[in-house]
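Numbering (my numbering), first residue to last: 759 to 1391.
All C-beta atoms, glycine included, are put in the ideal place defined by N, C-alpha and C.
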Amino acid sequence: MSYQAEYQRSIEQPAEFWAEQAKALPWFKAPQDILTQDNEGIYHWFDDGEMNTAYMAVDYHVENGRGDQPAIIYDSPVSNSKSVLTYAQLQEQVSLFAGVLKAQGVEKGDRVVVYMPMITEAVVAMLAIARLGAIHSVVFGGFAPHELAVRIEDAEPKLIVTASCGIEVAKVIEYKPLVDKAIELSAHKPECCVVLQRPQAKAAMHEGMDIDWAEAMAKATPADCVAVKGTDPLYILYTSGTTGKPKGVVRENGGHAVALKYSMTAVYDMQPGEVFWAASDVGWVVGHSYIVYGPLLHGCTTVVYEGKPVRTPDAGAFWRMVDEYKIKALFAAPTAFRAIRKEDPEAAEINKYDISSLKTIFMAGERLDPPTYLWTVDKTGKPVVDHWWQTETGWAICANLMGIEPKPAKPGSSTLPTPGFNVQVLDARGNELPAGEQGAIAIKLPLPPSCLATIWGDFERFKSGYLSDFPGYYCSGDGGYKDDEGYVFIMGRTDDVINVAGHRLSTGEMEEILAAHDAVAECSVIGVHDALKGQEPVGLVLLKDGYDIDEDDLQKELVAMVRKEIGPIACFKRAVVVPRLPKTRSGKILRKLLRQIASNQEVAVPSTIDDPASVPEIEAIMKEQGLVKEGTD
């Protein structure tokens, strides 16, 4: 079927379209109420269906002959260990750990917080919680105690599952003291904590509170799958909010399973038995959707990688993984490939490995700048798919559908809306804008399956944050435009727009130009207050390793590039070389934080920051360069 026919059917007949996709999954009771609205007018999918996500992802495959197939490949260069778990072994581990949780009183609807590193047991814990019909909330391992405490208070978990430590490139981070401190800070007290002891660090256990994972598993009784409704929550995943209080995105079981199963063929062109690798972390939505649930629902082999794209041990880490495990599809954030490009700009490491198994590289999580896209295509010889999605949606809003009808790629575009997503570009009054004009990206309701139905414990925040700006639409918070072929270009968050002498200019567009310079590895453009023009753009640029260029010459070249592509209207005159940029753990540059520094506001350092020391460093540089001014918008 052509893309256009598939897409039109999903928009014009959403209930019929998704009812058909739901048939690909083994329901305990097939849904009849495909698309419904509740008393608040919120749409839900597969309300009366009965199912269990863990059954669909594990037991079903064992029952249908995949028991001996690898389900999870674990590769940890930081601990120098590797292992493989077949579907039959995964079923045994999941049912036993579900038995451990059941023995502690965990029941359908209870919440369990998972605070673990990138190890196989993290996946086992998530699936075991789902097996009982309980709700997991995975918190990125290593988050500070205060941030973990906030999430414990909001989710009110019955218990916590953790490990004794996580391992970074050059250090071991002990988790248990962080968990103990978080429990101390939290007004809600979990009943107990299950601790996996890792050899790199042994955790001190508290009698009557802490349970040893291995000891509990040795005497556990396997637990059966508990049936849940399609609209029962599977998990809560916290994402940063503008108020500082994280938002608990709620994912419902039915829509989640149907959308992810569909996406594995439609978007990723994967077949059961093939190896899929999302180089992310289970603490992020990508890890939930495409390390754990998507590949396993589809009967694929998934990869759990405890390492980095560089320095574990070098910039050839990704290519070594592809070669060793015959990976067909690789999915990572653009920042991972920028890091590889920075350390190995000529991609010499690729030549050491056979990456012929790799058919497609997928990128998401932040805007894929054209220079990174072009470098990856050039050096790997593989198709690169930029697809745009959010924690709130759980899967791609826009993508190049490699399993339906691949389209010619356009650098800077995430191609076309995915079936089910009626993507529109709106002006401030909610009117649709013509091709080429930038505006707010919004999705006409109903949203397709898997998208959030509420914020945990705060329905009013859900309505005000997503549904109130444009009635009848979900407001994505991202800005961009469509071209005359319908390709969608996401230019950044709607607040990544600066006003220069009355002209609204996209910082994403300027970043795209700066990143095209041979010397630039990464960059960020922010608006700095100007008494005459209101704002003027300033570029903060990070150079590629080993690139030698005079900073004054670089600035002149970058200014000329922006002037040529956008024109003198941009008023771009400053480019400052910095040693690093503050980022989240998932690789997003913290542009809002940079704007706060520039406007001399109190800086809100998010819990997701990768290296807190980068903040005072960049602040000192910006002050020294005269970039901190009162009144920056």
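Is it buried or exposed, residue i, if we count other Cβ atoms within 10 angstroms and call 16 or more buried?
i     : result
S1372 : buried
T1390 : Caution is warranted here: a pLDDT of 41 is assigned to T1390, below 50, making its placement in the model unreliable, and the coordinate value is therefore given only provisionally. Counting Cβ neighbours within 10 Å, T1390 comes out buried, since at least 16 surround it.
R1187 : exposed
D796  : exposed
S841  : exposed
I1113 : buried
K960  : exposed
I1284 : buried
S760  : exposed
P957  : exposed
Roughly how many angstroms separate the alpha carbons of residue i and residue j, rounded to a whole number?
i     : j     : result
E911  : Y873  : 15 Å
Q847  : A883  : 14 Å
K1100 : Y1111 : 19 Å
W1146 : V1320 : 26 Å
L1298 : V1016 : 42 Å
I1271 : A1094 : 20 Å
P1374 : E1163 : 48 Å
V1061 : R1251 : 31 Å
L1348 : F1247 : 21 Å
G1325 : S1172 : 26 Å
K929  : N838  : 14 Å
D1136 : C1209 : 35 Å
G821  : A985  : The sequence given here places Glu at residue 821; Gly does not occur at that position. Each residue's Cα considered, the two are about 18 Å apart.
P1030 : W1133 : 31 Å
C923  : L954  : 9 Å
G1194 : A1157 : 19 Å
L854  : K977  : 9 Å
M729  : R1219 : Outside the displayed range of the chain (759 to 1391) lies residue 729, so it cannot be described from this structure.
Taking residue i as the reference, which of the options has the closest Cα?
i     : options                    : result
I1098 : A902, K1066, R869          : K1066
H964  : V937, D1102, T989, E1309   : V937
G1292 : S1357, R1349, G1304        : S1357
A1073 : P1103, K1084, S1047, I1049 : P1103
V897  : H1014, K987, Y996          : Y996
D1227 : C1156, D1241, A1200, F1217 : A1200
K1168 : V1142, P772, V986          : V1142
G1170 : K1117, L1116, M1268, G1325 : M1268
V816  : E1280, H802, Q851, S768    : Q851
V1080 : A1277, L1116, P875, G857   : L1116
W785  : L793, E798, G807, H802     : G807
A1211 : L1348, K1005, F1076, L1312 : K1005
G1266 : T844, L1312, L1126         : L1126
I1108 : R1078, A1122, F1034        : R1078
V1040 : K947, V1068, I994, V1386   : I994
E764  : C1058, S1021, C923         : S1021
P1192 : G1238, P1166, W1214        : G1238
E1243 : A1154, D805, K1165, D1216  : K1165
M975  : P1071, Q862, K987          : Q862
W1153 : C1058, T1134, G1215, H1046 : H1046
Q1359 : I1367, D1369, K1381, K1341 : K1381
Y801  : Y1026, L1205, D1311, P1340 : L1205
M1028 : L1088, K987, A978          : L1088
F1217 : R767, I1367, V1008         : V1008
Using 9 Å as the threshold, is the C-beta distance between residue i and residue j below it?
i     : j     : result
L1184 : T811  : no
R1338 : I1376 : yes
L1352 : S1264 : no
K1346 : A1091 : yes
A892  : E865  : yes
C950  : R889  : no
A1024 : T1118 : no
S1344 : A902  : no
S834  : Y1083 : no
V952  : I941  : no
P935  : G900  : no
L1385 : V1335 : no
F1150 : Y1048 : Phe is not the amino acid found at residue 1150; the sequence shown has Glu there. Not closer than 9 Å, so no.
C1233 : A1198 : yes
V836  : V870  : no
V1050 : V858  : no
I1433 : V1033 : The shown model of the chain, from 759 to 1391, leaves out residue 1433, and the question about it has no answer.
I1052 : F804  : The sequence shown places Gly at residue 1052, rather than the Ile named in the question. It is not a contact, given that the beta carbons lie outside the stated cut-off.
Q. Which runs of the beta strand (DSSP E), 3 residues or longer, sit entirely within the region 1197-1252?
A. 1197-1202, 1231-1240, 1246-1251
Q. Along the chain, which unbroken stretches of the alpha helix (DSSP H) at least 4 residues long are found entirely within the region 951-1022?
A. 971-976
Q. Can you list, in chain order, the stretches of the beta strand (DSSP E) that have 3 or more residues and sit fully within the region 1050-1076?
A. Taking only runs of at least 3 residues, the beta strand (DSSP E) segments lying wholly in the region 1050-1076 are 1059-1063.
Q: Pick out the complete beta strand (DSSP E) segments inside the region 1102-1190, 3 residues or longer, and give them in chain order.
A: 1118-1121, 1142-1144, 1154-1157, 1180-1184
Q) Enumerated in chain order, which unbroken segments of the beta strand (DSSP E) with a length of 3 residues or greater are wholly contained in the region 1306-1354? A) Within the region 1306-1354, the runs of beta strand (DSSP E) at least 3 residues long that lie entirely inside it are, in chain order, 1332-1335.
Q. If you scan the region 777-857 from start to end, which runs of the beta strand (DSSP E) of 3 or more residues do you find wholly inside it?
A. 793-795, 801-803, 828-834, 839-844
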